[in-house]
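J.: Handing you this structure, nothing more for now.
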Amino acid sequence: MEQFKFIDLFCGIGGFHQALADLGGECVYACDIDTDCRKTYERNYGIKPDADITKVDPKDIPEHDVLCGGFPCQAFSKAGKRLGFADSTKGTLFFDIMRIAKYHNPKYMLLENVRNLASHDGGNTWRVIHESIVEVGYNVIDKPVIFSPHYIGIPQHRERVFIMCVRKDIAELPPFYFNPDRVTECSIDLILQNDDEIDDLKKYQLKPEMIEWIDNWNEFIQGIKCDKLPGFPIWADSLCAMEDNHMIREWDTLPKWQQNFIKKNSELWSQNKQFIEKWLEKAKKNPLFFGAKAKLEWQAGETKNPNLWEHIMQIRPSGLRIKPGTYFPALVAITQTSILGKRKRFLTPRECARLQSFPDTFIYDDKPAQAYKQFGNSINVGLVKLFAQYMFGDNETQNKYSYKVQFGNKYRSPSLFDKFDD
Ligand SMILES: C[S@@+](CC[C@H](N)C(=O)[O-])C[C@H]1O[C@@H](n2cnc3c(N)ncnc32)[C@H](O)[C@@H]1O
Numbered sequence: 037m038e039q040f041k042f043i044d045l046f047c048g049i050g051g052f053h054q055a056l057a058d059l060g061g062e063c064v065y066a067c068d069i070d071t072d073c074r075k076t077y078e079r080n081y082g083i084k085p086d087a088d089i090t091k092v093d094p095k096d097i098p099e100h101d102v103l104c105g106g107f108p109c110q111a112f113s114k115a116g117k118r119l120g121f122a123d124s125t126k127g128t129l130f131f132d133i134m135r136i137a138k139y140h141n142p143k144y145m146l147l148e149n150v151r152n153l154a155s156h157d158g159g160n161t162w163r164v165i166h167e168s169i170v171e172v173g174y175n176v177i178d179k180p181v182i183f184s185p186h187y188i189g190i191p192q193h194r195e196r197v198f199i200m201c202v203r204k205d206i207a208e209l210p211p212f213y214f215n216p217d218r219v220t221e222c223s224i225d226l227i228l229q230n231d232d233e234i235d236d237l238k239k240y241q242l243k244p245e246m247i248e249w250i251d252n253w254n255e256f257i258q259g260i261k262c263d264k265l266p267g268f269p270i271w272a273d274s275l276c277a278m279e280d281n282h283m284i285r286e287w288d289t290l291p292k293w294q295q296n297f298i299k300k301n302s303e304l305w306s307q308n309k310q311f312i313e314k315w316l317e318k319a320k321k322n323p324l325f326f327g328a329k330a331k332l333e334w335q336a337g338e339t340k341n342p343n344l345w346e347h348i349m350q351i352r353p354s355g356l357r358i359k360p361g362t363y364f365p366a367l368v369a370i371t372q373t374s375i376l377g378k379r380k381r382f383l384t385p386r387e388c389a390r391l392q393s394f395p396d397t398f399i400y401d402d403k404p405a406q407a408y409k410q411f412g413n414s415i416n417v418g419l420v421k422l423f424a425q426y427m428f429g430d431n432e433t434q435n436k437y438s439y440k441v442q443f444g445n446k447y448r449s450p451s452l453f454d455k456f457d458d
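Residue numbers (the working numbering): 37 to 458.
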């Protein structure tokens, strides 16, 4: 499609907008209930979005060729399961998309949601979505298409469900297949700012007691003797729990998963008793070392010379989480963003923008907390382009990702998406 009009529902800060405008589209309508998102949107695209979609009359939305929407995921009632589209979707925001689609019948719809949508409610949620889209007159791939920016070299692990819909009279939609063996090597250097380019660099740098706290965990992970780096969460408080009368007394009241972690922590302690006792004595002197900060989750696989400063870290309620150093975990809509080990600082809002493939001309919210939240909620611009092009029938994209082109005419269900193992 050379020139087309699109609408941006649940627009956030305009991940869809950015991509479709780059492909030659003109945005004729946007809406989002969040005031700060609406401000960022208007600042960047000169469009004042409407607020609550549930209050919008489709008659007030201009004609368009493409409807886009990264809708919030809500459960569909099981009671509505066999009662058809209206009953199954009533009360959910997905229903509002269908309401607008029924009225306007755009040629294409591109929707996005969290990965969990694929397996949510034992597959019922996906079934209702799929049936509803077919019922309003669109071709849509039977199985949810799951894709992440890191599959194509963008250094963020963010698996999402993409729903491409083509009106039945326009075209067939060839089954999509991505071969997981083709995952491109990622490098975080692609999105990093040089420290000397960052305004107010100090704001993002780790404070000395935080560096000391991470140094302590680094000493722990480098100093313990074990066959394999512990894959279970390390809880400093329960390392020597089996010798702690208080824990033993309460043992039967603890849930199984907790007993399991405590046992594993205690085994680690008994294999490294001397080292851990000395380490605990030092670690506890750091004022940060309590609650979640007294826990560590190693999620970076096996390595001979572990060094936390080579990794990406996140402070989670479950502990200091250590991730591989080659790509970032999904940005999330909370202000606590990832720590870049090798730079001893947090990610900047500009780096978050780049992780979502927004151009450097994008103006983000002045308040970093808002900017982090908005990028955490937004969609990766590069992936919107990929799926829009596939849906519009772009030859190059379809040749690369259509199941038929990759495997010939022997059609069978793409195996990657057969199993949803959340
Ligand atoms: C997953 S985010 C979509 C982000 C967007 N695709 C982007 O690129 O930034 C979902 C958005 O739905 C908005 N939302 C939630 N309820 C809404 C409603 N009733 N009407 C309009 N927008 C709503 C939220 O404020 C949020 O920005």
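Glycine included, every Cβ here is placed at the ideal spot set by N, Cα and C. None of these values were measured; they are calculated from a predicted model.
(1) Please confirm if the region 93-105 is in contact with the region 124-144, defined as three or more CB-CB distances below 8 Å between the two stretches.
(2) Helix, strand or coil: how does DSSP classify residue 306 here?
(3) Under a three-way DSSP split, which group does residue 44 fall into?
(4) Does at least one heavy atom of ligand 1 sit under 7 Å from the Cβ of residue 398?
(5) Okay, do the region 225-242 and the region 291-303 touch, 3+ Cβ pairs below 8 Å being the bar?
(6) Taking 7 Å as the cut-off, does the CB of residue 185 come closer than this to any heavy atom belonging to ligand 1?
(7) How about residue 266 and residue 316: do their beta carbons lie closer than 8 Å?
(8) At a cut-off of 7 Å, would you count residue 129 as near ligand 1, judging by its Cβ distance to the nearest heavy atom?
(9) Does the pairing of the region 47-61 with the region 73-82 give three or more beta-carbon distances under 8 Å?
(10) Residue ranges of each beta strand (DSSP E) run of no fewer than 3 residues wholly in the region 248-294, ordered along the chain?
(11) Grab me the residues of residue 60's own chain with a C-beta within less than 8 Å of its C-beta, minus the 5 sequence neighbours each way, in chain order.
(12) Please report how far the alpha carbon of residue 49 lies from the alpha carbon of residue 262, in whole angstroms.
(13) Note down, in chain order, each residue of its chain lying with its Cβ closer than 7 Å to the Cβ of residue 67, except the 5 sequence neighbours on either side.
(14) Which one or two residues does DSSP pair with residue 183 in a beta bridge?
(15) Quick check on the DSSP output: the beta strand (DSSP E) that includes residue 66 runs from which residue to which?
(16) State whether the region 321-337 contacts the region 353-363, with contact taken as three or more CB pairs (one from each stretch) at a distance under 8 Å.
(17) Quick one: give me the first and last residue of the alpha helix (DSSP H) that residue 174 is part of.
(18) Measuring only the C-alpha atoms, how far is residue 13 from residue 425?
(19) Apply the 10 Å Cβ neighbour rule to residue 258 and answer buried if 16 or more other Cβ atoms are within range, or exposed otherwise.
(20) Secondary structure at residue 241, three-state DSSP: helix, strand or coil?
(21) For the region 374-392 against the region 158-167, are there 3 or more C-beta pairs whose distance is under 8 Å?
T.: So, from the data block:
(1) yes
(2) On the sequence shown, position 270 is the one that residue 306 refers to. Residue 306 falls in the helix class under three-state DSSP.
(3) The residue labelled residue 44 in the question sits at position 8 within the sequence shown. Strand.
(4) Position 362 of the sequence shown, counting from 1, holds the residue named residue 398. No - ligand 1 has no heavy atom lying nearer than 7 Å to the Cβ of residue 398.
(5) no
(6) Counting from one through the sequence shown, the residue named residue 185 turns up at place 149. Checking the Cβ of residue 185 against ligand 1 gives no.
(7) One-based indexing of the sequence shown puts residue 266 at position 230. One-based indexing of the sequence shown puts residue 316 at position 280. Their beta carbons are not under 8 Å apart, which means residue 266 does not touch residue 316 by this criterion.
(8) Position 93 of the sequence shown, counted from the first residue, corresponds to residue 129. At least one heavy atom of ligand 1 is nearer than 7 Å to the Cβ of residue 129, so yes.
(9) yes
(10) none
(11) Stepping through the sequence shown from its first residue, residue 60 is reached at position 24. Excluding residues within five positions, the ones whose Cβ falls inside 8 Å are 37, 38, 39, 40.
(12) Position 13 of the sequence shown holds residue 49. Position 226 of the sequence shown holds residue 262. Taking the straight line joining both Cα atoms gives about 47 Å.
(13) The count along the sequence shown starts at 1 and reaches residue 67 at position 31. So the qualifying residues of the chain are 45, 47, 85, 86, 87, 89, 92.
(14) The residue labelled residue 183 in the question sits at position 147 within the sequence shown. According to DSSP, which records beta bridges pairwise, residue 183 is partnered with 196.
(15) Numbered from its first residue, the sequence shown carries residue 66 at position 30. Segment 61-67, the beta strand (DSSP E) holding residue 66.
(16) yes
(17) Start at 1 with the first residue of the sequence shown, and residue 174 comes out as number 138. Looking at the DSSP string, residue 174 is not in any alpha helix (DSSP H); the run it does join, the beta strand (DSSP E), is 174-176.
(18) Because the chain in this structure spans residues 37 to 458, residue 13 falls outside the shown range and cannot be described.
(19) Position 222 of the sequence shown, counting from 1, holds the residue named residue 258. Residue 258 comes out exposed.
(20) For the purposes of this step, residue 241 is identified with residue 205 of the sequence shown, where counting begins at 1. Three-state DSSP puts residue 241 in a strand.
(21) no
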